[in-house]
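In mature numbering (1 follows the signal peptide of the UniProt record, and there is no 0), the protein residues as written are -28 to -1, 1 to 421.
Glycine residues also receive a C-beta, built at the ideal position from the N, C-alpha and C atoms.
So the structure is just underneath, and the comments pick up after that.
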């Protein structure tokens, strides 16, 4: 796609929406209609207008969607799509609760998938898939199943995906190759950092703190292959030594800069989604970011000479190099949709049609989520974007599996990370044990409710 004003993952973490979902769980079970009569193309269909809510808002995104919906209308002339832009999860929740939902809704909040499915906010799509003869296992990479279903209930489909990697400014790299290990990243970050006579940072080789834009643990945990949960849903953060490896590495590099100096530098940055992003302006030599940044840089800094690479990995896990964090947009049919069969045709078109996915990917520069689209000769695969296609296809790439307390779990760990990297906590083992305790207590409360 062309550059999203706000890429999908930063449109996540809608805490109020996630909290509202839990309240709906008890009152939405058992209200879903039975298996659908999937609409077939051909004559004799009654004209129908369906409502489609989505979160896209940038001009290039809306243009791409208008063209895509025009293609859908040509294929299904009896279905008119009325699209509403810039919709967030809270609005979807309110509409379902109020009994007046759209027919199709697209969400950027993969964190809420477990609750969407558990509470019946979105209908189970397994009957639709079966009626349409679609096998998700053959269509989508395995990692996608982890964020589009919960306990066997697939209530959303993936539309486009996001993959994370390392961006590097070739001029600031001074001939160095992108680092493949975290040790190499730390060494290069020190070497490339420029300070003035007062010791203030002018250019950072890399900003290691979890508060730096895309450095949240949900994205950096894959660098060490860390686990979030045990099979029973309880927290694995305190018992998995790889979290300790990651956080120790981050703090060591943070301490080299000086936490206060690094924070002063970080707070001088422009908005992440503007042309004032510090990577765009040359204040940061290397940064973690998603594939959408390639399109943003093409628009905001067309002359910037930069490259992309997979995220560096732990020094003792070189075989995992090439992996990254995967997430994406999800779309489904809300409970109570007035025209579920026509709605499914739109969902199917946006999530399984190779031409549609390739066109959207080329326009908005997100990763297409099906295997045929990834292999399409029509997909634009310049070297910078190819990095993210490769990350997406890497078997060691991971996502955050659907969990009823996904937002809470992430926030709890990041709050602990901030305490640790700032020096407000000195016992990392005790800190991570406290993270486990809070997450498990929340899980018990959720299960009890």
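Of the residues assessed, residue 245 falls on the buried side of the cut-off, its CB having 16 or more other CB atoms within 10 angstroms. Rounded to whole angstroms, residue 56 and residue 309 show a C-alpha spacing of 15 Å. Following the DSSP letters along the chain, one finds residue 145 in no beta strand (DSSP E) but inside the alpha helix (DSSP H) bounded by residues 142 to 145. Under the 10 Å beta carbon count, residue 126 is surrounded by 16 or more other beta carbons and is classified as buried. Burial check for residue 21: the Cβ neighbour count within 10 Å stays below 16, so the residue is exposed. If one requires a minimum length of 3 residues, the beta strand (DSSP E) runs lying completely within the region 274 to 327 are 278 to 281 and 298 to 304, in chain order. When the five nearest sequence neighbours on each side are left out, the beta carbons in the same chain lying within less than 8 Å of the beta carbon of residue 356 are those of 266, 278, 279 and 280, in order along the chain. Under the three-state reduction of DSSP output, residue 52 falls in the strand class. Scanning its chain for C-beta atoms nearer than 7 Å, with the 5 sequence neighbours on each side dropped, one finds around residue 389 the residues 182, 189 and 219, in chain order.
Taking a contact to require three or more Cβ pairs closer than 8 Å, the region 108 to 116 and the region 325 to 336 do not qualify as touching. Residue 79: member of the beta strand (DSSP E) spanning 76 to 79, first to last residue. Under the three-state reduction of DSSP output, residue 91 falls in the coil class, being neither helix nor strand. Rounded to the nearest angstrom, the gap between the Cα atoms of residue 124 and residue 69 is 24 Å.
A direct Cα-Cα distance of roughly 10 Å separates residue 276 from residue 140.
Around the beta carbon of residue 150, 16 or more other beta carbons lie within 10 angstroms, which makes this residue buried.
In the DSSP assignment, the residues bridged to residue 23 are 54. By the Cβ rule, the region 201 to 220 does not count as touching the region 231 to 245, because fewer than three pairs are nearer than 8 Å. Buried is the label assigned to residue 317, since at least 16 other Cβ atoms lie within 10 Å of its Cβ.
Here residue 185 has 244 as same chain residues with Cβ atoms under 7 Å from its own Cβ, once five neighbours each way along the sequence are excluded. In the structure shown, residue 195 adopts helical secondary structure according to DSSP, grouped into three states. Note that the C-beta distance between residue 164 and residue 195 is not below 9 Å.
C-alpha of residue 23 to C-alpha of residue 38: approximately 14 Å in a straight line. Within the region 345 to 379, no run of beta strand (DSSP E) at least 3 residues long lies entirely inside it.
Looking from the CA of residue 143, the closest CA among 128, 292, 306 and 254 belongs to 254.
Per DSSP, residue 68 is one residue of the alpha helix (DSSP H) stretching across 61 to 69.
Contact check between the region 349 to 368 and the region 59 to 74: fewer than three CB pairs, one atom from each, fall below 8 Å, which does not count as touching. For residue 43, the uninterrupted alpha helix (DSSP H) run begins and ends at 31 to 47, by DSSP. The beta carbons of residue 45 and residue 53 sit about 7 Å from each other, so the pair counts as a contact at 8 Å. Spatial neighbours of residue 160 in its own chain (CB-CB distance under 7 Å, excluding positions within 5 residues in sequence) are listed in chain order as 148, 151 and 177. When C-beta atoms of the region 193 to 208 are compared with those of the region 408 to 417, three or more pairs fall below 8 Å, so the two segments count as touching. The three-state reading of DSSP puts residue 154 in helix, counting H, G and I together. Every beta strand (DSSP E) stretch that sits fully inside the region 212 to 270 and reaches 3 residues is listed by chain position as 258 to 262.
Secondary-structure assignment with DSSP links residue 129 through a beta bridge to 303. Taking 9 Å as the cut-off, the Cβ atoms of residue 295 and residue 369 count as close. Nearest in C-alpha terms to residue 396, of all of 340, 231, 264 and 353, is 231.
Sequence-distant partners of residue 332 (beyond 5 residues in either direction) whose C-beta falls short of 7 Å from its own C-beta, in its chain, are -28, 36, 40 and 132.
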